[in-house]
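*Asks:* Have a look at the structure that comes next, please.
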Amino acid sequence: MADMANEIVKANGYSNGEYLLPFNCTLLFIHIVFSWLWNVNIILLCVVITVIKGKVEEIELPVPKVDVIISEWMGYFLLFENMLNTVLYARDKWLTDDGVVLPDRASLHLTAIEDAEYKEDKIEFWNNVYGFDMSCIKKQAMMEPLVDTVDANQIVTNCRLLKTMDISKMTPGDASFTVPFKLTAQRNDYIHALVAYFDVSFTKCHKLMGFSTGPRSKATHWKQTVLYLEDVITICEGETLTGSMTVAPNKKNPRDIDIKLKYSINGNRCQVSRTQFYKMR
């Protein structure tokens with residue numbers, strides 16, 4: 001992370017008299033400050049840090065414009081908690097014409113996994129709880145995506161890019177979308193769930209910087225988002241699972257996310273077509 005902060009500082013040759021607006025940041029901001037202080041390529045005569053308490057939408061800055069906006073706005077499933085809109089608000093209100101937002105690119109991805117053990121223990125369990133049929137709770141459990149770390153060995157299909165976001169240009173409405181997907185099986189196996197994850201990039205740096213929250217990358221606190229399917233899909237190598245995903249903020253609470261998933265397969269051993277709904281709360 002320190003190397004990334006170093007590159008961010010050098011991105012556009014920042015110097016004295018320029019302003020950085022960080023919010024919703026943790027250790028990343030600390031790294032950046034110390035990178036500024038110790039970077040031999042930048043001579044700083046004075047560093048002034050002004051702390052302003054309050055919501056971004058409700059505060060006023062002591063300067064009319066800033067040169068850099070940096071925020072760790074990403075939530076689970078990239079968009080959970082809707083901090084992105086706050087970044088866009090700050091961008092439109094305070095960023096100079098040639099300023100940068102960091103990170104400036106984000107992308108959402110989808111793959112499919114085999115996960116029989118967890119689904120049996122935590123979801124199918126409700127079909128028979130000490131002799132009682134509590135499948136009504138199972139339906140509710142299915143609607144709540146699981147945020148957890150997925151083993152790369154569980155992946156059955158290729159990974160599909162669902163959505164790319166350019167934070168410097170997008171509008172709040174771009175966070176609501178419907179996108180198609182096509183996942184091709186890489187081996188004969190079962191599919192119990194779809195898994196979403198995101199990548200983040202700092203393209204304004206001297207070299208491309210970023211990280212991935214995918215199952216094949218180093219684990220992060222964002223983990224992955226698992227969407228369990230009502231069906232257990234039997235899929236053969238080369239067969240495809242097709243469908244679409246609709247994502248939008250919840251109308252009552254925009255910090256929450258509503259997800260509509262359509263999927264179908266017409267394979268040798270399995271023919272299924274279904275629509276499911278999920279709520280990230």
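Position 272 of the sequence shown, counting from 1, maps to 272 under the UniProt record's numbering, and the rest follow consecutively. Beta carbons are placed, not taken as given, at the ideal position from N, Cα and C, and that holds for glycine.
Per DSSP, which residues does K262 bridge with? Please list them.
*Replies:* If you number the sequence shown from 1, residue 262 lands on position 262. K262 pairs with S244 and T275.
*Asks:* Could you spell out where the alpha helix (DSSP H) holding L61 opens and where it closes?
*Replies:* The sequence position of residue 61 within the sequence shown is 61, counting from 1. Element bounds for L61: n/a, residue is neither H nor E.
*Asks:* Which residue wins for smallest C-alpha separation from R160, given the options N266, K262 and L194?
*Replies:* Position 160 of the sequence shown, counted from the start, is the residue given in the question as residue 160. R160 has its Cα closest to that of L194, out of N266, K262 and L194.
*Asks:* Using alpha carbons as the reference points, say which of L183, R216 and Y278 lies closest to V226.
*Replies:* Mapped onto the sequence shown, residue 226 falls at position 226. V226 has its Cα closest to that of Y278, out of L183, R216 and Y278.
*Asks:* Please determine if the stretch 246 to 257 and the stretch 265 to 272 are in contact, where contact requires at least 3 C-beta pairs separated by less than 8 angstroms.
*Replies:* Flag = no, the stretch 246 to 257 and the stretch 265 to 272 do not touch.
*Asks:* Scan the stretch 115 to 153 and note each continuous beta strand (DSSP E) run of 3 residues or more that stays entirely inside, going in chain order.
*Replies:* List check, beta strand (DSSP E) in window: 146 to 148.
*Asks:* May I have the straight-line CA-CA distance separating W94 from T50, to the nearest angstrom?
*Replies:* Along the sequence shown, read from residue 1 onward, the residue named residue 94 stands at position 94. Along the sequence shown, read from residue 1 onward, the residue named residue 50 stands at position 50. Whole-angstrom Cα-Cα distance: 16 angstroms.
*Asks:* Can you tell me which residues form a DSSP beta bridge with T178?
*Replies:* Position 178 of the sequence shown, counted from the start, is the residue given in the question as residue 178. BP columns for T178 point to T246.
*Asks:* Where does G54 sit, in a helix, a strand or coil, going by DSSP?
*Replies:* On the sequence shown, position 54 is the one that residue 54 refers to. Correct three-state label for G54: coil.
*Asks:* Could you check what DSSP says for R160 in three-state terms: helix, strand or coil?
*Replies:* Within the sequence shown, numbered from 1, the residue matching residue 160 stands at position 160. DSSP places R160 in strand when its eight states are reduced to three.
*Asks:* One question on the structure: do Y118 and V66 come within less than 9 angstroms of each other, judged by their Cβ atoms?
*Replies:* For the purposes of this step, residue 118 is taken as residue 118 along the sequence shown, with counting starting at 1. For the purposes of this step, residue 66 is taken as residue 66 along the sequence shown, with counting starting at 1. Contact flag unset, no.
*Asks:* Tell me, please, whether the stretch 179 to 187 touches the stretch 80 to 94 by the rule of three or more beta-carbon pairs shorter than 8 angstroms.
*Replies:* At 8 angstroms Cβ cutoff, the stretches do not touch.
*Asks:* Determine the burial state of E114: buried for a count of at least 16 other Cβ atoms within 10 Å of its Cβ, exposed for fewer.
*Replies:* Counted from its first residue, the sequence shown places residue 114 at position 114. That one is buried.
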